Every structure is written in structure tokens, then in C-alpha cells.
Ligand SMILES: Nc1ncnc2c1ncn2[C@@H]1O[C@H](COP(=O)(O)OP(=O)(O)OP(=O)(O)O)[C@@H](O)[C@H]1O
Ligand SMILES: [Mg+2]
């Protein structure tokens, strides 16, 4: 298994707050690497630095053997980094299908076409429809995004990422708000998807994490305090103290 | 409540039929008003691409309108005085030939939009509005202090420019020309709206993070739209100058930017026929109320206020039912 993603010593501070503190981790082909940690631990901040939305203060990001630290987000996406957001980032006035077609258009890259109707472009439509099909959203294709449910938007985010045919996925809490049934279906889907491209998965849903993850890293106050298999993490005393124990108290 | 496409067709037909009827009845002034609507609507169609589709609140579009006007004014001025624009290193003469004038207007306003857009699109929000405003005002003051072409007084062109096969001095013929250009540009802009580029532009307006995430650069998309938008305003400026046979710095002032924006907002920002509806309302208010009171713009202000507060879809949005989302 080769490292698709290799994050080396990333640090990021917001004023006095160390949101990322010398973080190193890898994502190997064929795996789901889960990133867990309490609220405010810095998970989204890390994902954002890998995707190129935020510049780290120090450290580097390597993707398929290439140093991409200085590339902007669009360039990273074009190289094959697919991403879904904790808070959906979609075009709200466009339909479900248009959002998916936009994903396919981004992957195609030929945007300076001013004449032919994009929604009659067979090649883009095919990519978009098959992505919607895979997440089970095809029946909602004609609906405006502002009118679909929260859970459906999460599914659409995954579908748009699929249209990009990425070499690796960064997913920030894709299960949030999906409900039990939706969560279970997505779990099944991600297990299938990791064969195509590995997934760095931020997730709060512990059932999903322990069911899916080949490896788990635990982030607390911007630091990775442990990395290991699901079983190793479950029994790691440091983790129990810092994170899992905390969860149980809440429950 | 009717469908937007039907309303558009109706508006288009009215704009064609009323001047034709006026022509039959010898009402020349009505034809001139209709021509004015076409020309101003054309500027609005240009702005609507940046503002409506792209969400770029530009208060500097008068710059492109004015550059188009001065392109016409300068070329025609040299033609009527028989003084070449330059003799060295090669000879460039003025012209009274509309297609050449339009080409120059489009190219010059496009270049200006490229330069202004390249700088101002690095900012956003209120800064973008202010920077476009500042660029527009720079050109305005430049025109005022440029004595070679009339300075503050502007330039008068004695005879309307020529178009092959037409007598542009006949009002109905010049109207027909402006009407056809407006129709063609509206058609082009509807193609653009539904094209690949149109999808990218509208998605970028709605959520630029989404654009970056699919691998596209919002800045480039906006800049292309800004240039197209500016070129259309430049063409409108050249026609407007020909309609009035007069060019002055007022074309470049921020009042003009504001007026063009009012057309778009009155009609319904982002809607294909919004600029036409807005320009028609504006011209009719000016015509009917302007005679009654010098303060007719108060009524315009009230109307604008009501639209912004109670009808965010503009007059078109008010009259049409929202078409169900469909691909
Ligand atoms: N742009 C920013 N400026 C200042 N502080 C920020 C910024 N972004 C995030 N933070 C802070 O950095 C810390 C980490 O935030 P982050 O969103 O990465 O946490 P998270 O692990 O994703 O949390 P959650 O589980 O709630 O999503 C938080 O304390 C947050 O308030
Ligand atoms: Mg988060």
C-alpha cells in the first residue's frame, strides 16, 4: 500500500490558539483513515489545510508523491483531491442535477464554452446522473437544492465529489444529520468507495468509525495523540481519558 | 400570472409594434423614445451579466458605456473635421461607418473592463463596489479635463453615422437597427446563461467555495463575465451617442452607472428581459412625469424602494409565477 496523501508536520495557529500542532499523518490506497476528536479539536481546520482552503504556518502536504503545499484549492481539486464539507457547500438556487453537472464540468475543465446548453451536454449529464444514482439521489434530480432536506444535501455533496473521479477523498462528517437509516446506507457505500479511492474521514458517529476505519487517528487540541487500528484506539488509555471517556459521560 | 417566457415575448412584441404604429401615425417622438429604451436596455443587458448572473455589484459600468460613446465621438469627430487621428507612424483616420465604430467601442470597452476587472475582482463586497466606482470616476474626471475632445462640454456630432443599406437619419430605420441589435444581444445572453460558462458563473455567485472545490477558479470566471459585460455596455454607449449625436463626460459619471443598475433591479436582477422592462419604465416615467415635475426622480426612487422591499424579483418577478425548477 502506497501513501496517496502524506501530511508532514503541519502547524496552524489562530492567534494564541494552536488549531494544528505539528500534525503528521498518511492516507494509503484502499483504506479509510478516520480522524476523530472532540469538538474544536481542529479536525475541519486540518481538512481545510489539506484541501488548500487554508495555508498552514509550517509543514507540507504531499499528494501522489507531489508537494502540493503551495497549490491553491482549485489546483488540488484538479489533481484529484475530492472533498465534502461539514456544512454543505452547494449552489442553493440550482437543481440537484445542475450541481452534479457543475462537478462534472469542473473535472472536465472546459468552462469557456458560451453557446451550447450545458444541461444538454451528454458527456457531463452521464457523469452527473451516474454519481446521483450511486448515492441514491436520482429521483430528486430536478429539485432545487434549497428545497431538499439536510440529509439529501449531504448525499449531494458526496455525489458532486464523485463526479470529480478523485484519487482521494476528504470527508468532513458526511454522516451528520443523516439519521440512522441514512447513516447506515452511507457506511455501506463508503466501504465500497474506498476500493476506488482512499478516504480521510472525519466522523463523530463512533459506530460508523469503528465499522469502517482501517486506521483511526485521534486529534485533541490540535495534536494527534494516537493512531492505530479501531481496536487499538478503543483500548488506548490515553484516548479513553481524553476523548472516549468524555463521550460516555455525555451519553 | 403568466409564464416568464410569455411575458418576455409580449414585451418584445410591444417594443416592436408601438414604434411601428407610431411611424404609421407620424409620431416621430415615440419612435425616438423606443430607440432610447433599446439602447439603454442594451447597457442593462450588459450589466445584468455581471450583476445578475455573476453577483458583481459594479458601480463602474458607466466607464464602459462612456468609452463606447467616446469611441464613436472621437472617430466621427475626426471624420467630420477631415483631420486624421494620427499620421505617424501610420495614418489613422476617423470614420462615420457604424460597424467600424462599434468594433472599436467593443474592443476598447473590453480592454478597459479587463484592466478594471483584473484589479477590482481581487476584492469583494463593499470594496469591490468602491473600487469600480473609483475607476469610473477616474475616467469621468479624465474626460472632463481632456480638452482635445470637448472636455466638460462634450462633443457634438452633426450627422448620424452610416450603416450600409440604411438611412440612419430616418428614425424608424435607426430604431430597427437598435432593436435588432438588442434582440441579438439578448439572444446571445440567453445562450450564455444556459451554457457551460453560464452554469459556472451562476454557481460562483451562489457559492464560490463550491466552484473552488470542483477545481475552477472564481476569479477567472468572474473576469471573463466582467469583460463580456463591459463590451456590451460599450456597444450600447456607441449607439446611445449616435442616438443623441452627442457625447459628454456625463456618460461616464456614476449617475449613469446607477441608472443602468436601476434598470436591472427594477426589471428583476438576473432575469433575461429585466433590463428592457426597467429601461422602459424609466423612460416612460421620465416622459410622463418629467413634464409634470422636475422632481420626477422622486417617484422613481419610491418605485425602486418598493421593488427592493416588496418584490425582490423585480417587476418581472411580480408578474410571473416562479417556474418550477427543471433541468
Ligand atoms: N478561521 C478561524 N479563525 C479563528 N479560529 C478558528 C478559525 N477556524 C477555526 N478556529 C478555531 O480553531 C479550533 C478548531 O476548529 P475546527 O473547526 O477545526 O474544529 P473541529 O475539530 O472541526 O470541531 P467540530 O467537531 O466542532 O467540527 C476551534 O477552537 C475554532 O474555534
Ligand atoms: Mg469540524
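Chains as they are written, first to last, in the UniProt record's numbering: chain P, 1 to 251; chain C, 1 to 327.
C-beta atoms are modelled at their ideal positions from N, C-alpha and C, and glycine is treated no differently.
A quick note: this is a predicted structure, and the numbers were derived from the prediction, not measured.
Can you give the Cα-Cα distance for residue i and residue j, rounded to whole angstroms?
| i | j | result |
| --- | --- | --- |
| residue 291 (chain C) | residue 260 (chain C) | 22 Å |
| residue 240 (chain C) | residue 39 (chain C) | 6 Å |
| residue 312 (chain C) | residue 4 (chain C) | 15 Å |
| residue 16 (chain C) | residue 52 (chain P) | 53 Å |
| residue 70 (chain P) | residue 210 (chain C) | 20 Å |
| residue 137 (chain C) | residue 125 (chain C) | 19 Å |
| residue 188 (chain C) | residue 177 (chain C) | 17 Å |
| residue 280 (chain C) | residue 230 (chain C) | 21 Å |
| residue 45 (chain P) | residue 153 (chain P) | 21 Å |
| residue 122 (chain C) | residue 265 (chain C) | 25 Å |
| residue 93 (chain C) | residue 78 (chain C) | 7 Å |
| residue 320 (chain C) | residue 302 (chain C) | 22 Å |
| residue 243 (chain C) | residue 32 (chain C) | 8 Å |
| residue 26 (chain P) | residue 81 (chain P) | 14 Å |
| residue 93 (chain P) | residue 89 (chain C) | 54 Å |
| residue 212 (chain P) | residue 144 (chain P) | 32 Å |
| residue 325 (chain C) | residue 133 (chain C) | Confidence in residue 325 (chain C) is poor, its pLDDT being 47 and thus under 50, which makes the residue's placement unreliable; the coordinate value appears in the next sentence. Rounded to the nearest angstrom, the two C-alpha atoms are 36 Å apart. |
| residue 251 (chain P) | residue 157 (chain P) | Confidence in residue 251 (chain P) is poor, its pLDDT being 40 and thus under 50, which makes the residue's placement unreliable; the coordinate value appears in the next sentence. Answer to the nearest angstrom: the Cα atoms are 29 Å apart. |
| residue 233 (chain C) | residue 159 (chain P) | 39 Å |
| residue 116 (chain P) | residue 165 (chain C) | 32 Å |
| residue 11 (chain P) | residue 2 (chain P) | 24 Å |
| residue 114 (chain P) | residue 180 (chain C) | 21 Å |
| residue 23 (chain C) | residue 256 (chain C) | 29 Å |
| residue 253 (chain P) | residue 128 (chain C) | Residue 253 (chain P) lies beyond the residue range present for chain P, which begins at 1 and ends at 251; the question has no answer from this structure. |
| residue 159 (chain C) | residue 150 (chain C) | 17 Å |
| residue 13 (chain C) | residue 286 (chain C) | 22 Å |
| residue 172 (chain C) | residue 11 (chain C) | 19 Å |
| residue 191 (chain C) | residue 183 (chain C) | 12 Å |
| residue 64 (chain P) | residue 316 (chain C) | 52 Å |
| residue 199 (chain C) | residue 103 (chain P) | 11 Å |
| residue 41 (chain C) | residue 258 (chain C) | 14 Å |
| residue 98 (chain P) | residue 88 (chain P) | 16 Å |
| residue 100 (chain P) | residue 47 (chain C) | 28 Å |
Judging by CA-CA distance, which residue of the options is the nearest neighbour of residue i?
| i | options | result |
| --- | --- | --- |
| residue 70 (chain C) | C:107, C:58, C:129, C:57 | C:107 |
| residue 28 (chain C) | C:147, C:170, C:319 | C:170 |
| residue 118 (chain P) | C:97, C:181, C:201, C:61 | C:201 |
| residue 212 (chain C) | P:106, P:59, P:199 | P:106 |
| residue 154 (chain C) | C:231, C:163, C:143 | C:143 |
| residue 98 (chain C) | C:194, C:163, C:130 | C:163 |
| residue 108 (chain P) | P:14, P:138, P:79, P:87 | P:79 |
| residue 130 (chain C) | C:75, C:157, C:265, C:57 | C:57 |
| residue 113 (chain C) | C:276, C:82, C:68 | C:68 |
| residue 110 (chain C) | C:303, C:248, C:65 | C:65 |
| residue 223 (chain C) | C:55, C:268, C:179, C:248 | C:55 |
| residue 230 (chain P) | P:206, P:128, P:29 | P:206 |
| residue 74 (chain P) | C:37, C:120, C:217 | C:217 |
| residue 209 (chain P) | P:175, P:223, P:165 | P:175 |
| residue 73 (chain C) | C:2, C:221, C:104, C:254 | C:104 |
| residue 222 (chain P) | P:242, P:233, P:232, P:228 | P:242 |
| residue 300 (chain C) | C:315, C:282, C:294 | C:282 |
| residue 156 (chain C) | C:268, C:269, C:214, C:249 | C:249 |
| residue 308 (chain C) | C:276, C:289, C:263 | C:263 |
| residue 83 (chain P) | P:168, P:37, P:204, P:9 | P:168 |
Report, in whole angstroms, the separation of the C-beta atoms of residue i and residue j, which I expect to be a contact under 8 Å.
| i | j | result |
| --- | --- | --- |
| residue 151 (chain P) | residue 177 (chain P) | 6 Å |
| residue 102 (chain C) | residue 238 (chain C) | 6 Å |
| residue 7 (chain C) | residue 193 (chain C) | Going by Cβ atoms, the distance from residue 7 (chain C) to residue 193 (chain C) rounds to 17 Å, so no, they are not a contact pair. |
| residue 24 (chain P) | residue 56 (chain P) | That pair is no contact at about 12 Å. |
| residue 207 (chain C) | residue 72 (chain P) | With 8 Å as the limit, residue 207 (chain C) and residue 72 (chain P) do not qualify as a contact, their Cβ atoms being about 17 Å apart. |
| residue 61 (chain P) | residue 4 (chain P) | Actually they are not in contact, since the Cβ atoms of residue 61 (chain P) and residue 4 (chain P) sit about 12 Å apart, beyond 8 Å. |
| residue 49 (chain C) | residue 225 (chain C) | 6 Å |
| residue 199 (chain P) | residue 190 (chain P) | 6 Å |
| residue 32 (chain P) | residue 201 (chain P) | 6 Å |
| residue 166 (chain P) | residue 128 (chain P) | Between residue 128 (chain P) and residue 166 (chain P) the Cβ distance is about 15 Å, and since that is not below 8 Å, they are no contact. |
Practice task
Could you tell me which uninterrupted alpha helix (DSSP H) segments, each at least 4 residues in length, are contained entirely in the stretch 301-326 of chain C, listed from first to last along the chain?
Solution key: Within the stretch 301-326 of chain C, the complete alpha helix (DSSP H) runs of at least 4 residues are 314-319.
Practice task
Mind listing, in chain order, the continuous beta strand (DSSP E) runs of no fewer than 3 residues lying wholly within the stretch 163-237 of chain P?
Solution key: Correct list: 168-172, 199-202, 215-220, 223-228.
Handout entry: Complete beta strand (DSSP E) runs within the stretch 55-80 of chain P (minimum length 3 residues, chain order)
Key = Runs of the beta strand (DSSP E) inside the stretch 55-80 of chain P: 58-63.
Problem - Segments assigned alpha helix (DSSP H), at least 4 residues, entirely inside the stretch 121-176 of chain C - result: Within the stretch 121-176 of chain C, the runs of alpha helix (DSSP H) at least 4 residues long that lie entirely inside it are, in chain order, 126-144.
Practice task
Could you pull out every unbroken alpha helix (DSSP H) segment of at least 4 residues lying fully inside the stretch 59-104 of chain C, listed in chain order?
Solution key: Counting only runs of 4 or more, we get 62-81.
Handout entry: Segments of 4+ residues assigned as alpha helix (DSSP H) that fall wholly inside the stretch 104-166 of chain P
Key = Within the stretch 104-166 of chain P, the complete alpha helix (DSSP H) runs of at least 4 residues are 122-135, 150-163.
Practice task
Report the residue ranges of all alpha helix (DSSP H) runs contained in full by the stretch 11-51 of chain C; include only those spanning at least 4 residues, in chain order.
Solution key: Positions of the alpha helix (DSSP H) runs, each at least 4 residues long and wholly inside the stretch 11-51 of chain C, are given as 28-48 in order along the chain.
Handout entry: Every unbroken alpha helix (DSSP H) inside the stretch 240-276 of chain C [4 residues or more]
Key = Within the stretch 240-276 of chain C, the runs of alpha helix (DSSP H) at least 4 residues long that lie entirely inside it are, in chain order, 254-267.
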